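The numbering of the sequence shown is UniProt numbering, which starts it at 1 and goes up by one.
Even for Gly, the Cβ is constructed at its ideal location relative to N, Cα and C.
Keep in mind it's a predicted model, so treat the numbers as computed, not measured.
What follows is a short report on a single structure.
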Amino acid sequence: MMNTMNNKFLSYFRTISVGVIVSATLFFQSCSNREAATEEIGSEERAQLVVNIEGVVAEAQASGEQASIKATEPSTVIQPQKEVSFNESIKATTSVTQQPIEQSTKDTKLNTLAATVQLPTQPMTKDYTYRVVMYNADGSFHSSTNLIAGTAGSIEVVKGRKYKWYAYSHNNKAAIPAITDNQNPIIATTASKDLLYASGEVTIGTSPQGQMLTQALPITFEHKMSKISLTIDARGMGAIIKDNILVTMQTPVSFPQGNLNLKTGVMQANGSANYAIGDPVTFQNSANYGNAIKEASFYTIQSTGTVSLAFKHNTIDVAYFDNTTNESMITPSTTLVSNFSATPVPGKNTNLNINLYKIGGTIDGVIWSSGSLCFENGQHYIRPKDITRLTSSFYMDSDYWKARALTPANNATPDQVDPCTKVFPENRWRLPTEAEFQKLVARKNNQDTQYNGNGIDNSVSFLTDEGKRVNFNPDGQRRGNTVLSSANTHGYYWSSTRKSATEFAAFQTGEASLVSIIDNRYTMNEKLNIRCVKK
1 MMNTMNNKFL
11 SYFRTISVGV
21 IVSATLFFQS
31 CSNREAATEE
41 IGSEERAQLV
51 VNIEGVVAEA
61 QASGEQASIK
71 ATEPSTVIQP
81 QKEVSFNESI
91 KATTSVTQQP
101 IEQSTKDTKL
111 NTLAATVQLP
121 TQPMTKDYTY
131 RVVMYNADGS
141 FHSSTNLIAG
151 TAGSIEVVKG
161 RKYKWYAYSH
171 NNKAAIPAIT
181 DNQNPIIATT
191 ASKDLLYASG
201 EVTIGTSPQG
211 QMLTQALPIT
221 FEHKMSKISL
231 TIDARGMGAI
241 IKDNILVTMQ
251 TPVSFPQGNL
261 NLKTGVMQAN
271 GSANYAIGDP
281 VTFQNSANYG
291 NAIKEASFYT
301 IQSTGTVSLA
311 FKHNTIDVAY
321 FDNTTNESMI
331 TPSTTLVSNF
341 SATPVPGKNT
351 NLNINLYKIG
361 GTIDGVIWSS
371 GSLCFENGQH
381 YIRPKDITRL
391 TSSFYMDSDY
401 WKARALTPAN
411 NATPDQVDPC
421 TKVFPENRWR
431 LPTEAEFQKL
441 VARKNNQDTQ
451 YNGNGIDNSV
461 SFLTDEGKRV
471 NFNPDGQRRG
481 NTVLSSANTH
491 GYYWSSTRKS
501 ATEFAAFQTG
511 EASLVSIIDN
521 RYTMNEKLNI
531 RCVKK
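Given below as structure tokens:
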């Protein structure tokens, strides 16, 4: 009997102990990132205010009907796309767009950017930090709590009381320092950080009596800043941009800054962030694409008038995904400046997009790609060089395609899509036609057409208008899932021209005595190389 009572007592003691430990753990977790005024709260009066970020308003609010229009309008093209030449091989398309700041951190295709319709609010990025400052109804300070989007957070309050709350965020992952003067809270802006703001009142319920009350506090932020950015994108080259990138200001520019009164939400002007001619621009890697995209950002409270920027591009070096080479986009003799003017809008990102790509050269009005189309790591891209022979084990599963198949996979379905159009940004490239290959065949006996060049037997290259050469290597073909055949003697390249229900025209290269021919038909299930041309 005594043992039974002891066991029950021990079991009861363990239960109470665990309950105390769990409660203590929850208490310390909720207070670990909170600064609060000294206040004795009885356990029966205690409540938890559970904070939830519902989103970020895509643009600073207007009023009435205009607010409804602005909340759903698509991104705006400020400056249409135009072509820029870095040199005879390196090109870029540039454009200036204006879109919600939150959208600029997501996966957005350049060619569909202007047609994207936005919701009134955007989700706040997971793991971004924000701070909630609370005051009692009499204006006395209650607490200041640093929280993280996407992670449950709570603030300890008292049942039946009314509070005023203010929330702000720099829209990044950095911890937000405590405010130094809680009775006169001022947040100073900087050109390097965004600023989100929200405010409101909440009255805490009174039931259930004698138990912990949990109550929700939904927060929707709005932007207090405009963003202006420069984006340099090397995805279209199948490359990453090295960290030695150097871009400087070509003209002086100022970005007005301010002080936000947290209690009133009013922004007071407070000087400017000034850049002089020659000042370097600071770049960061893309959150989604790493160093394939470099972005420089500037934030300002300016919302009227225009801001004009001019950038001088001094150094942009890339390393290609296939590890074959590194390349400098800008030579010492090149002077390349990009510029634009636009009116900043709070909550909007005015972005100068520079999308790099490379060409092999122009022949009779047809712009040929720099190398073969390949597919690796879920991505279509064009090889940067056509004079580099890769080992068969390296490229056998990435560079040989069934006719008009989406990928080079052995189980890919032929005659579905033009895979050249899938190179980023979509629809810049396409498959060549039979007639375009015939333009090469017509040059087969020209003195400037070379065979067996670059130390590669049975290769053929054609002189371009830019004085460079487009080379076709004897990389053979694959029949079904078999190993390569005719490698080192012939090259085979798909055209988009259908010859029958199951056949497409193909371009064949070989030894000088055979020269190049186009009058070949191949069934769509055979696997050949692809050389894209620009649309």
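Kindly indicate the opening and closing residues of the alpha helix (DSSP H) around residue i.
i: Q302; result: Here Q302 belongs to no alpha helix (DSSP H), and DSSP marks it neither H nor E.
i: E436; result: 434 to 441
i: Y395; result: 392 to 395
Keeping to the same chain, check which residues put their C-beta closer than 8 Å to that of residue i; ignore five residues upstream and five downstream.
i: S500; result: R521
i: T464; result: G360, G361, T362, I363, W368, V470
i: A198; result: Y166, A167, Y168, I219, T220, F221, E222
i: D457; result: P474, N488, E511
i: N326; result: K242, D317, V318, A319, Y320
i: N314; result: L246, V247, T248, I330
i: P185; result: V133, Y166, I179, N261, L262, K263
i: residue 614; result: The requested residue 614 does not occur in the structure, where the chain is confined to residues 1 to 535.
Taking the beta carbon of residue i as the centre, do at least 16 other beta carbons fall within 10 Å, making it buried, or is it exposed?
i: G150; result: exposed
i: A423; result: Position check: residue 423 holds Val in this sequence, whereas Ala was assumed. Classification for V423: buried.
i: D279; result: exposed
i: G371; result: buried
i: I101; result: buried
i: F507; result: buried
i: N529; result: buried
i: G378; result: exposed
i: K173; result: exposed
i: E54; result: exposed
i: M124; result: buried
i: residue 537; result: Here the chain comprises residues numbered 1 to 535, so residue 537 is not present and cannot be evaluated.
i: E201; result: exposed
i: E83; result: exposed
i: N351; result: buried
i: residue 540; result: As shown, the chain starts at 1 and ends at 535. That puts residue 540 outside it, with no answer to give.
i: N244; result: exposed
i: N52; result: exposed
i: S140; result: exposed
i: F394; result: exposed
i: D127; result: exposed
i: L119; result: Because L119 sits at a pLDDT of 48, beneath the cut-off of 50, its placement in the model cannot be relied upon, and the point is left open.
Tell me which same chain residues have a C-beta within less than 6 Å of the C-beta of residue i, skipping the five on either side of it?
i: F472; result: V460, G491, T509
i: P432; result: S495, V533
i: residue 552; result: The structure shown does not extend to residue 552, since the chain spans only 1 to 535, so no value can be given for it.
i: I232; result: K294, I354
i: D386; result: G371, N471
i: D448; result: L463
Whose C-beta lies closer than 7 Å to the C-beta of residue i among residues of the same chain, with five residues either side of it excluded?
i: S485; result: G476, Q477, R479
i: T523; result: T502, E503
i: N342; result: Before going further, note that residue 342 is Ala rather than Asn in the sequence given. Correct list, in chain order: I78, V96, Q98, T306, V307, T350.
i: D415; result: A403, R404, M524
Between the options, which lies nearest to residue i when the distance is taken from Cα to Cα?
i: R430; options: R443, N410, L406, D243; result: L406
i: Y130; options: E88, L196, P123; result: L196
i: V337; options: N349, S393, L356, L309; result: L309
i: N410; options: G139, S398, Y163, N274; result: S398
i: S85; options: T335, T482, F340, K444; result: T335
i: R46; options: V157, Q302, A137; result: V157
i: Q103; options: V51, Q183, N171, E503; result: N171
i: G453; options: R443, T502, T388; result: T388
i: D138; options: K164, Q302, Y128; result: K164
i: P344; options: H380, R383, F298; result: F298
i: A234; options: A273, V253, A292; result: A292
i: K159; options: S207, T482, Y357, K468; result: S207
i: E35; options: I187, Y135, G265, R404; result: Y135
i: L356; options: A287, G265, S328, Q302; result: S328
i: K162; options: G205, A276, L390; result: G205
i: I90; options: G265, G238, Y289; result: G238
i: Y289; options: I240, G467, D181, T214; result: I240
Along the beta strand (DSSP E) that carries residue i, what are the first and last residues, could you check?
i: D317; result: 317 to 320
i: L406; result: No beta strand (DSSP E) holds L406; DSSP gives it neither H nor E.
i: L356; result: 348 to 363
i: R161; result: Where R161 is concerned, there is no enclosing beta strand (DSSP E), given that its DSSP letter is neither H nor E.
i: K91; result: 90 to 100
i: M124; result: Looking at the DSSP string, M124 is not in any beta strand (DSSP E), and its letter there is neither H nor E.
i: P256; result: 253 to 261
i: S328; result: 326 to 328
i: P80; result: 76 to 85
i: F375; result: 373 to 376
i: N270; result: 267 to 275
I'd like to know whether the C-beta of residue i is nearer than 8 Å to at least one C-beta of chain B.
i: A178; result: Reference to chain B is not applicable here, since this structure consists of a single protein chain.
Requested in this report: Would you list, in sequence order, the uninterrupted beta strand (DSSP E) runs of no fewer than 3 residues that lie entirely inside the region 164 to 248?
Outcome: 186 to 188, 196 to 203, 213 to 223, 226 to 233, 239 to 241
Query raised in the report: Taking the runs of the alpha helix (DSSP H) that are 4 residues or longer, which of them lie wholly in the region 456 to 514?
Result: none
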